[in-house]
Each structure stands twice: as structure tokens, then as C-alpha cells.
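**Q**
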Amino acid sequence: MAGRSVSIWFFIGISLLINGVLILGAGLYEYSHPPAPEAQVVLFRLHASVWWGGLLTLIGGLYSWWYAPSRAR
Amino acid sequence: MSLAAVFLSSSSLVHLAPVDMVIVTFYFVLVLAIGFYLKGQANTGEDFFMAGREMTSWVAGLSFLSANLGALELMGWAGSAYQYGILATHWYWIGAIPAMLFLALVMMPFYYISKTHSVPGYLKLRFGEPSRILSAVSFAFMTVLMSGVNMFAMAKVMQIVLGWDLNFSIWVSSLTVAVYVTLGGLRSAIFNEVLQFFLIWAGALLIPILGLYEAGGWSNLKVLITQRASEQYVHMWAGLGSFSTNPMGIHWTGIVFGLGAVISMGYWTTDFLVVQRILAAKDIRSAEMAPIIGAGFKMLVPIIVILPGLLGLGLLPMKLVPESVAVATHGYSYNDVLPLMLARYCGPGLLGLGITALIAGFMSGMAGNVSAFTTVWTYDIYRPLINSKGSDGHYVSMGRWTTVVGVLISVGTAYLVMRSASIMDYVQALFSFFIAPLFGTVVLGMLWKRATGAGGFWGLLCGTISSVSMWAWVKVDPSALRYVALSPDAKAIAQDMYQALWSFLVCVTVTVVVSLATKPRPDRELVGLVYGQTEIPSVGDLPLYQKPLFWAAIVAVIFVVLNIIFW
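For the protein sequence lines, the chains are C and H, in the order given. The first sequence begins at 1 in my numbering and counts up one residue at a time. The second sequence begins at 1001 in my numbering and counts up one residue at a time.
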């Protein structure tokens, strides 16, 4: 559905992109500045923020580009 | 008292980092921005109440599913999975998939052809005004109560996880929903529901991934659960041969006939909250495909709801208890399992997204209830009973005001729900009061041309009264459970299943008897409303892979295979 001019999928892309960038940034910061062991979440060593944030950034970026209003026109 | 003290209670499970607060705030800004963006596209009744009937099958299907992904799904069913084990998955598979496919292939054509605005609107066409009013009033009542449940659940999560004050959470979420639904109507609700669907998956999917990693895989998790609870917690059907051999205290007949054949059919095919999303589809094929797409994703939802509950049962160091015990002992209740698992695995950023997923789920449920309430109030109560000669603009204006009033009533309901011991039992009781008899009335109306207006009305009324009566009987005399639920071992959730089954049978019996004793409507008046009198429109000359029937068959096969795997 186009929503007349801006597609719903564009809003979703923007949302995933911004959330992904924020999570990736937070993950990279934690990677370089690890919290004290007692403050770490379970499975901290997997650095889920980094790869999950990266994945969301990638998907969000693709959606935002593909459904961008300028491209749709 | 400082401002912070107003927002924060004394303790919380986690503390949000600045990046988490940015993510949560961004979500609120985005949903409000969507509402303002769509404001100019909700000027007519068809736009405001039916989203212009221009949704594609994917948007309608995801919205159909997302409207149901509220508090009940995210927090309540994760808690139920901790309490009852994998049995809770029945509410996602046999308790949803057959009904969604039935809606798509059998019932949707009638809703769509009749061009009704609502389910009570169909009852008006088929059975007359009394049935419509009875159904509309009971639906409106149920809807605002459900909305209050959603609000309370969200505020509770915010209190447990973040230490936010209950009042603060209730008012911020309700005002946000009020603004974006008032501005953009159903289109705004649908847009946000699809957005929320993605956020829920993005925020919640990490818990099962990391949880299964920690547990050492599904097989090891089953061993852990068996050690901490019993083997019956990891079998869906094996323990249902007797009331006393499964954690839920239910017999397979309750699951198959009460849940699968009545409650789920009633909910997914006649609850206007979800059906409204499908009525907004752009054509008959989209309207049929939307529930099938929803069914496909519905089968996956246990991954982010049931599995976290099971992981909590197998991995959490503390033992969760019923809500009433948790309040008395200052411990954690079953309903806390999802936030606890979130806090277990998610650091800064991820925690913000997880919290956003919860808020999104709660708000989509609330917005769904409010938009459905608004339509039913305006078209099925206000217009026929109070002002039948208003202009289209007048009804749009009424819709906007009703949205605000509906939210305020929901807020009041949320404060009432705070006194209830169990969110789940409360909601289940509501379902069986109204939904099961309504399904009996609608399905007879669609499939049996001999059903008359008097039969439909009295069947619906007697079915609803019987359901409320059974509930009240067990409340006054708990030993009556052996009659209502067929066993003194039955739990409250099992009682609801049987209550729904009996009230459905009462509805059908009364409808049939009264119909046979009253004069039938001429066949020509039933065209477009009843099977056998209606030419079902074709979805067109499409290749096999584009036909709804083909995809429904695939979903059905996967459904059967999943039940066998987790038998």
C-alpha cells in the first residue's frame, strides 16, 4: 500500500535503520568499554548488540532505500 | 515530591541507559508522526472507519495479526507458558489456524460482498436490528474492557522493568493512542500495527535465540524443564487424555471443541477488532489472502511468546508464582517472565528495543480495540438509535470524539483491572461471555438460510446469558466446576473452554428451535448474505500459486506437521 505518497514500508525501514544504528553503536561502545562482570548480561561474550544492531541496520537501510518516496515517484 | 519520584517507583528490574531512552522516545515520536501524516487522509467515513478499503493483502494480514499481539500475547501467554508449559501453544495453533483459514475461505466472501462496516452490521442485514444492537452493545462493552486490560498490562511491565509509575504509563500510552487514532482513523491504526509487528519481532526474537543457545538447544531445554517441572510440560497432546495428567487440568475435548471449534472460531471470525482489518482490504482476493498470511505468521508467534516462557521455566534461578502470591511475598509472578528474560540477555540498546517491542505490542492491542469500538459505536449504536440522519462529516466527527471517549473509558477500566488477581482469567472469561454465542449466530446466519431474525436474536441472547450464568454459578459455588468443566480438577482456563462450548450449543439450539417455529425470510432477501443463495465472486483466473486456496492448503499442512512434531 502506498499510503498515497509515502509507503508504510518506508516508515518501517526508517524505524529499523535508526534503531539498528543506535543498537550497533551501543554494542560497539560496550565492546570497547566492557562493563564490570557483575553488571554484564548473560552471554555478554556473544556481543548480541553488535550483530543484531548490524542486521537491523542492513534490513532497515535496504527498506528505506527501496521504498524511499523519491525513488517511488 | 520531585518529578522523578512521580515517574519512578522505589524498585525496578532494570535501568535504561540513555540510548534505550532514545529508542523508546523515537518510537513514540514516529507513531505520532504517522498519525499527523495521515490526518489529511481521513476526511470521509469510508476513510476514517474503513481505511478507504484499499489495503493490500500483506498490510491487512499483518495488521490483522498485529491487532491481536497485545498484552494478552506478549506478557500473558509467556506467563501461561511458564505456568502450563507448551500446552499454551494450543492457543496459537489449533486455537487460531483453523479459524483463520475458515474465515478466509468460507466467511470472508459474505462479509466482503455485503459491504458491511462491521460484524454487527452483518447481523443487521441478516437478522434485523435487534440482533445488531445486542451484538454491538456487548461488543462495545467487551472492547473497552479489553483495552483496559491492555493498558494495565503495559503499565505493569513498565513498573516491574523500569520502575515507572503505573499512572504515568497508563496516561502516556493512552494519550498517544488517542492522538494517532483520532487523527488518522483506521488507516493510522493499521499503519502503526504493521510497524509494531516488525518492532515486536526485532525486539523479541533475540530472547529465544540467546535462550536456546544458553540452554544448549531444544533437546536440552526439554530435559531442564522435565527436571524442574514434569515431562508433561513439553508435550502438547500426550497428557490430554485425562484432566489430571496435564498442568492445565483440561481434557483434549476441551481443547479441540471448546478452544478449536468455538472460542477461536468466535474470536478470529466474529470479533470485529480483527475482522475490521480484513474488511479494509482492497479486493476479494486480498480479503481472502490476508487471514491466510496472518495464519502463516501466527504459527511463528510462539517462538517469541511461548518459547521465552519455557526458557524462563528451564533457566531462571528464581521460581515464579501466581500474581496473588507474588504480591504477598514481593516475589515475581508468571506474568513477569518475559521482562525477566529480556533483562537477562539484553544490554543497552537491545533493552530499549525490547521495551519498545512490549510497548508497541500493548499499544497495537489498545489501538485495535479503540478503533473497533469507535466504528461499532458510530455505525451500530449511535446512527440507528440516536441520529440516523447525520451527514458523512458528522459521523467522522463523532468517530473522532468517540475515540477520545473510548480511551478515557479504557483508562477507567485499567484502574478496575488493577484489583483483578489474574489478567489471563479475566480476559478468557470475557471471551466466553460474548464471543462464543456470537459465533453461533453468525455462522448459522451464513450457512443456514432457514435461520430467522427471531431465531438469531434469541439464540444470541440465551447463549450470552447462559455463559454469564455458568461463570456466576462457579463463582458462588466452586464445586459447580465438576458440572461446567466436567471435572473438579479443571483449572479456570479449562472452565472457560467448556463454558464457551456450552454457551455456543445453547445459542445454536435456541436459534434452530425458534427459527423452525417462525416464518423464514424469502430467498430473494438472502442474496449476498447466505451460502447457497449467493454467487461467491471468483478471485480471478490466476495461476495456482496466487490462489488463496493453494496457500491455505500449505498453511494447513504445516499446522498438522507442527502438532505431530510437538505431540
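Built from N, CA and C at the ideal position, the CB exists for glycine as well.
1. So, is the C-beta of Met1424 of chain H closer than 7 Å to a C-beta in chain C?
2. By the criterion of Cβ-Cβ separation under 7 Å, what are the contact partners of Arg1132 of chain H in chain C?
3. Would you tell me roughly how many angstroms separate the C-alpha atoms of Ile1304 of chain H and Ala1436 of chain H, rounded to the nearest one?
4. Sorted by chain position, which residues of the same chain lie with C-beta nearer than 7 Å to Gly1559 of chain H's C-beta, five sequence neighbours on each side aside?
5. Can you tell me whether Ser1131 of chain H is buried or exposed, with buried defined as 16 or more other CB within 10 angstroms of its CB?
6. Can you name, in chain order, every residue of its own chain whose Cβ lies under 8 Å from the Cβ of Glu980 of chain H, other than the five neighbours on each side?
7. Counting C-beta neighbours from all protein chains within 10 Å, is the total for Ile1160 of chain H 16 or more, i.e. buried, or is it exposed?
8. For a contact defined as C-beta to C-beta under 7 Å, what are the partners of Trp52 of chain C on chain H?
9. Closest by CA to Met1470 of chain H, which one among H:Gly1459, H:Leu1460, H:Gly1121, H:Asp1496?
10. Determine the direct distance from the alpha carbon of Met1341 of chain H to that of Leu1358 of chain H, and round the result to whole angstroms.
11. Ser1538 of chain H to Arg1277 of chain H, Cα distance in whole Å?
12. Can you tell me which of the three DSSP states Ala1281 of chain H falls into?
13. So which of H:Glu1046, H:Lys1519, H:Phe1198, H:Gly1095 has the shortest CA-CA distance to Arg1450 of chain H?
14. On the DSSP bridge list, what partners appear for Val1321 of chain H?
15. Consult DSSP for Met1446 of chain H and reduce its assignment to one of helix, strand or coil.
16. What residues from the region 1133-1161 of chain H come within 9 Å of chain C, judged by C-beta to C-beta, listed N to C?
17. Between Ala26 of chain C and chain H, is there a C-beta pair that is closer than 7 Å?
18. Is the Cβ-Cβ distance between Met1050 of chain H and Ala1261 of chain H less than 7 Å?
19. Do Pro1308 of chain H and Ala1078 of chain H have their C-beta atoms closer together than 7 Å?
20. Sort out for me which residues DSSP pairs Met1055 of chain H with in a bridge.
21. What are the residues in the region 1211-1223 of chain H lying within 7 Å of chain C by C-beta distance?
22. Within this structure, are the beta carbons of Met1107 of chain H and Thr1245 of chain H separated by less than 7 Å?
23. Compare the C-beta of Ser49 of chain C with all C-beta atoms of chain H and state if any pair is closer than 7 Å.
24. Using CA atoms only, rank isn't needed, just tell me which of H:Thr1509, H:Arg1285, H:Leu1461, H:Leu1320 is closest to Ile1133 of chain H.
25. I believe Gly1445 of chain H touches Phe1127 of chain H by the beta-carbon criterion, under 8 Å. Please report the beta-carbon distance rounded to the nearest angstrom.
26. Taking C-alpha atoms, which residue in H:Val1474, H:Leu1447, H:Asp1477, H:Thr1509 lies nearest to Trp1458 of chain H?
27. Write down the C-beta distance between His47 of chain C and Gly27 of chain C rounded to the nearest angstrom, noting that I regard them as a contact closer than 8 Å.
28. What whole-angstrom Cβ distance do Asn1192 of chain H and Ser1364 of chain H have, given they're in contact under 8 Å?
29. What does the Cβ neighbour count give for Tyr1267 of chain H, buried or exposed, with the cut at 16 atoms within 10 Å?
30. Whose CA, out of H:Lys1475, H:Val1474, H:Ile1250, lies closest to the CA of Lys1491 of chain H?
31. Spell out whether any CB of chain H is found under 7 Å from the CB atom of Val21 of chain C.
32. Under the three-state reduction of DSSP, which class applies to Met1248 of chain H: helix, strand or coil?
33. If you measure beta-carbon to beta-carbon, which residues of the region 1327-1350 of chain H are closer than 9 Å to chain C?
34. I think Tyr1395 of chain H touches Val6 of chain C, with their Cβ atoms under 8 Å apart; what is that distance to the nearest whole Å?
35. Rounding to the nearest angstrom, what Cα-Cα distance links Phe1297 of chain H and Leu1065 of chain H in this structure?
36. Nearest chain C C-beta to Ile1023 of chain H closer than 7 Å, yes or no?
**A** Inspection of the coordinates gives the following:
1. In this prediction, Met1424 of chain H scores a pLDDT of 46, lower than 50, which makes its location untrustworthy; the coordinate-derived value is nonetheless stated afterwards. Met1424 of chain H does not count as touching chain C.
2. Residues of chain C passing the Cβ test: none, with the nearest at roughly 30 Å.
3. Each residue's Cα considered, the two are about 28 Å apart.
4. Before going on, a small fix: residue 1559 of chain H reads as Phe here, not Gly. Correct list, in chain order: Trp1093, Ile1097, Met1299.
5. It is buried - the Cβ of Ser1131 of chain H has at least 16 other Cβ atoms within 10 Å.
6. Examination of residue 980 of chain H is not possible in this model, given that chain H is present from 1001 through 1567 alone.
7. Looking at its Cβ environment, which holds 16 or more other Cβ atoms inside 10 Å, Ile1160 of chain H is buried.
8. Scanning chain H for C-beta atoms nearer than 7 Å to the C-beta of Trp52 of chain C yields Leu1206, Leu1350, reported in chain order.
9. Comparing alpha carbon positions, the residue from H:Gly1459, H:Leu1460, H:Gly1121, H:Asp1496 closest to Met1470 of chain H is H:Asp1496.
10. Near 13 Å, if we compare the C-alpha coordinates of Met1341 of chain H and Leu1358 of chain H.
11. Cα-Cα distance, rounded: 21 Å.
12. When secondary structure is reduced to three states using DSSP, Ala1281 of chain H falls in the strand class.
13. Arg1450 of chain H has its Cα closest to that of H:Lys1519, out of H:Glu1046, H:Lys1519, H:Phe1198, H:Gly1095.
14. Answer by DSSP bridge pairing, in chain order: H:Ser1333.
15. For Met1446 of chain H, the three-state secondary structure derived from DSSP is helix.
16. Against chain C - using a Cβ distance shorter than 9 Å - the region 1133-1161 of chain H contributes no residues.
17. For Ala26 of chain C, the closest Cβ of chain H is nearer than 7 Å.
18. No, Cβ-Cβ distance for Met1050 of chain H and Ala1261 of chain H is not below 7 Å.
19. Closer than 7 Å, so yes.
20. For Met1055 of chain H, the beta-bridge partners assigned by DSSP are H:Ala1281.
21. Among the residues of the region 1211-1223 of chain H, those with a Cβ less than 7 Å away from any Cβ of chain C are Tyr1213, Glu1214, in the order of the chain.
22. In this structure, Met1107 of chain H lies away from Thr1245 of chain H, with their beta-carbon atoms at least 7 Å apart.
23. Chain H contact via Cβ: present.
24. Ranking H:Thr1509, H:Arg1285, H:Leu1461, H:Leu1320 by Cα distance to Ile1133 of chain H puts H:Leu1461 first.
25. 6 Å between Cβ atoms; contact.
26. H:Thr1509 is the residue among H:Val1474, H:Leu1447, H:Asp1477, H:Thr1509 whose C-alpha sits nearest the C-alpha of Trp1458 of chain H.
27. About 6 Å; that satisfies the 8 Å criterion.
28. So it is a contact: roughly 7 Å between Cβ atoms.
29. Buried is the call here.
30. For the residues H:Lys1475, H:Val1474, H:Ile1250, the minimum Cα distance to Lys1491 of chain H belongs to H:Ile1250.
31. By this cut-off, Val21 of chain C is not an interface position.
32. Three-state result, Met1248 of chain H: coil.
33. If the cut-off is 9 Å between Cβ atoms, the region 1327-1350 of chain H has Ala1343, Arg1344, Tyr1345, Cys1346, Gly1347, Pro1348, Gly1349, Leu1350 near chain C.
34. Not quite, the Cβ-Cβ distance comes to about 27 Å (not below 8 Å), so this is no contact.
35. Using only the alpha carbons, I get a separation of about 8 Å.
36. Under the 7 Å criterion on CB atoms, Ile1023 of chain H is classed as interfacial with respect to chain C.
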